[in-house]
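Working notes for the structure below.
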Amino acid sequence: MKLTELHKAKTHSWLILERNDEMLNTLGSVNQYFIHSQYESMIMDPGGIELFSPMLAAILQQTELDKLTAVFASHQDPDIISTLGLWDKAVPNATLYAPALWDRFIDHFDLDNLNYEGINDDGGEIQLSGVRLRLLPAHYLHSAGNFHLYDPAAKILMSANVGSAIKSESSTQFVEDFAQHIKHIEQFHRRWMPSNKAKENWIARVKELDIDILAPNHGKLYKGDQVHEFLDWFAKLDVGSAVR
Numbered sequence: 001m002k003l004t005e006l007h008k009a010k011t012h013s014w015l016i017l018e019r020n021d022e023m024l025n026t027l028g029s030v031n032q033y034f035i036h037s038q039y040e041s042m043i044m045d046p047g048g049i050e051l052f053s054p055m056l057a058a059i060l061q062q063t064e065l066d067k068l069t070a071v072f073a074s075h076q077d078p079d080i081i082s083t084l085g086l087w088d089k090a091v092p093n094a095t096l097y098a099p100a101l102w103d104r105f106i107d108h109f110d111l112d113n114l115n116y117e118g119i120n121d122d123g124g125e126i127q128l129s130g131v132r133l134r135l136l137p138a139h140y141l142h143s144a145g146n147f148h149l150y151d152p153a154a155k156i157l158m159s160a161n162v163g164s165a166i167k168s169e170s171s172t173q174f175v176e177d178f179a180q181h182i183k184h185i186e187q188f189h190r191r192w193m194p195s196n197k198a199k200e201n202w203i204a205r206v207k208e209l210d211i212d213i214l215a216p217n218h219g220k221l222y223k224g225d226q227v228h229e230f231l232d233w234f235a236k237l238d239v240g241s242a243v244r
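Residue 131 in the UniProt record's numbering sits at position 131 of the sequence shown, and the numbers go up by one each step.
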């Protein structure tokens, strides 16, 4: 397994851990994103235990571990942060950026090396070798303390569970036919996204951004027109409605 490029510029690159059909609909079907620059790198939502070894090996093909200086956790779910204890032992000098709401959850990892920096509810930013990455509040989508990461230069929004398809029909990287993709995302968004008000607030803010790629935790990514198709569909969806 290796990291493949989503975006490359002079300042930095976005990469994703290459998936295969054997990983579909398994514990390993979490999208692993990595930002790499000349001097610093960052992993986002580092995933579950089963992904630690392949992700570590893939990162070592790109850079030295002492240049992995940031870890971003969008929320508290175990499928995206249960490897924190392993990364804490693997990297000598990195900062963990995670929602401050989950301070007491993070304490259970008993971290020794990762420097934990809680993200306040109104968000903030991460500077990575001069690259400015915005932390956008996405509370109640689905977690009560939740952030997405926006890169204005790359025009990529890492959207955590928003846009996710827990089960997917193929390992192709991007959605090709949004109408056909709806069946893979509708039930998940109705059940896991609890608040129409939070959804509407998020959509209003996100539509002001210049986004080329929407990159969720699970399933295929959205690019170009597919981003707008998803946002328009999500705006009309009655969330928190799967169980009455």
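Think of the CB as a built atom: it goes at the ideal place given N, C-alpha and C, for glycine as much as any other residue.
* **Terminal residues of the alpha helix (DSSP H) in which A179 lies** => On the sequence shown, residue 179 is found 179 positions in, with the first residue counted as 1. A179: member of the alpha helix (DSSP H) spanning F178 to W192, first to last residue.
* Can you have a look at N146 and say buried or exposed, based on whether 16 or more other CB atoms are within 10 angstroms of its CB? => Taking the sequence shown and counting its residues from 1, one reaches residue 146 at position 146. Looking at its Cβ environment, which holds 16 or more other Cβ atoms inside 10 Å, N146 is buried.
* Asked: What first and last residue would you give for the beta strand (DSSP E) that runs through P137?
  -> Locating residue 137 in the sequence shown gives position 137, counting from the first residue. V131 to P137 is the extent of the beta strand (DSSP E) around P137.
* Could you give the uninterrupted runs of the alpha helix (DSSP H) lying entirely in the region 39-122, keeping only those of 4 residues or more? -> As far as the region 39-122 is concerned, its whole alpha helix (DSSP H) runs of at least 4 residues are 49-60, 78-81, 84-90 and 103-107.
* Residues of its chain near D238, where Cβ-Cβ distance is below 8 Å and the 5 sequence neighbours each way are ignored -> Along the sequence shown, read from residue 1 onward, the residue named residue 238 stands at position 238. Around D238: R190 and N196.
* **Beta-carbon proximity list for F52, same chain, < 7 Å, skipping 5 on both sides** => Looking up residue 52 in the sequence shown gives position 52. These residues qualify, in order along the chain: T83 and L86.
* Should the region 108-119 be regarded as contacting the region 161-180, the criterion being three or more beta carbon pairs within less than 8 Å? -> No, because fewer than three Cβ pairs between the region 108-119 and the region 161-180 fall closer than 8 Å, the two stretches do not touch.
* Taking the beta strand (DSSP E) that L157 falls in, what are its first and last residues? -> Mapped onto the sequence shown, residue 157 falls at position 157. For L157, the uninterrupted beta strand (DSSP E) run begins and ends at I156 to A160, by DSSP.
* Using the Cα positions of L17 and P216, report the straight-line distance between them to the nearest angstrom. => Indexing the sequence shown from 1 puts residue 17 at position 17. Indexing the sequence shown from 1 puts residue 216 at position 216. The straight-line gap from Cα to Cα measures roughly 13 Å.
* Asked: Using DSSP with H/G/I as helix, E/B as strand and the rest coil, what is Q173?
  -> The residue labelled residue 173 in the question sits at position 173 within the sequence shown. Coil, per DSSP.
* Can you name the start and end residues of the alpha helix (DSSP H) that K236 belongs to? -> Taking the first residue of the sequence shown as 1, we reach residue 236 at position 236. Per DSSP, K236 belongs to the alpha helix (DSSP H) from D225 to K236.
* To do: Could you please give me the residues that DSSP links to A215 through a beta bridge?
  => Looking up residue 215 in the sequence shown gives position 215. A215 pairs with M158.
* Asked: Is DSSP giving E200 helix, strand or coil here?
  -> Against the sequence shown, residue 200 aligns to sequence position 200. Residue state, collapsed to three classes: helix.
* **DSSP state of G240 mapped onto helix, strand, coil** => What you label residue 240 is simply residue 240 of the sequence shown in a count that begins at 1. The answer is coil: DSSP assigns G240 none of H, G, I, E or B.
* **Other residues of its chain near T95: CB distance less than 6 Å, five sequence neighbours each side excluded** => Within the sequence shown, the letter at position 95 stands for residue 95. Excluding its 5 nearest sequence neighbours in each direction, T95 has C-beta neighbours in its own chain below 6 Å: A70, N115 and E117, listed in chain order.
* **In DSSP terms, what Q127 is bridged to** => Taking the sequence shown and counting its residues from 1, the one referred to as residue 127 is at position 127. DSSP lists R132 as partners of Q127.
* To do: Tell me, please, whether the region 41-51 touches the region 60-70 by the rule of three or more beta-carbon pairs shorter than 8 Å.
  => The region 41-51 is in contact with the region 60-70.
* **Alpha-carbon spacing of A98 relative to N120, whole angstroms** => Counting from 1 along the sequence shown, the entry for residue 98 is found at position 98. Counting from 1 along the sequence shown, the entry for residue 120 is found at position 120. Going by C-alpha positions, A98 is about 9 Å away from N120.
* Should Y33 and W14 be called a contact, given that it needs their Cβ atoms to be closer than 8 Å? -> Residue numbering aside, residue 33 sits at position 33 when the sequence shown is read from its first letter. Residue numbering aside, residue 14 sits at position 14 when the sequence shown is read from its first letter. Yes. Within cutoff.
* To do: Classify L133 as buried or exposed, calling it buried when 16 or more other Cβ atoms lie within 10 Å of its own Cβ.
  => On the sequence shown, residue 133 is found 133 positions in, with the first residue counted as 1. By the Cβ neighbour-count rule, L133 is buried, with 16 or more other Cβ atoms within 10 Å of its own.
* Excluding sequence positions up to five away, which residues of its chain have a Cβ less than 8 Å from the Cβ of P92? -> Taking the first residue of the sequence shown as 1, we reach residue 92 at position 92. Once the five neighbours on either side are set aside, the close Cβ partners of P92 are L65, D66 and N113.
* Going straight from the alpha carbon of N31 to that of G123, what length do you get? -> The residue given as residue 31 occupies position 31 in the sequence shown. The residue given as residue 123 occupies position 123 in the sequence shown. If I take the Cα positions, the gap works out to 23 Å.
* To do: Taking all protein chains shown into account, decide if G163 is buried (16 or more other Cβ within 10 angstroms of its Cβ) or exposed.
  => To locate residue 163, count along the sequence shown from 1; it is residue 163. When all chains shown are included, G163 counts as buried.
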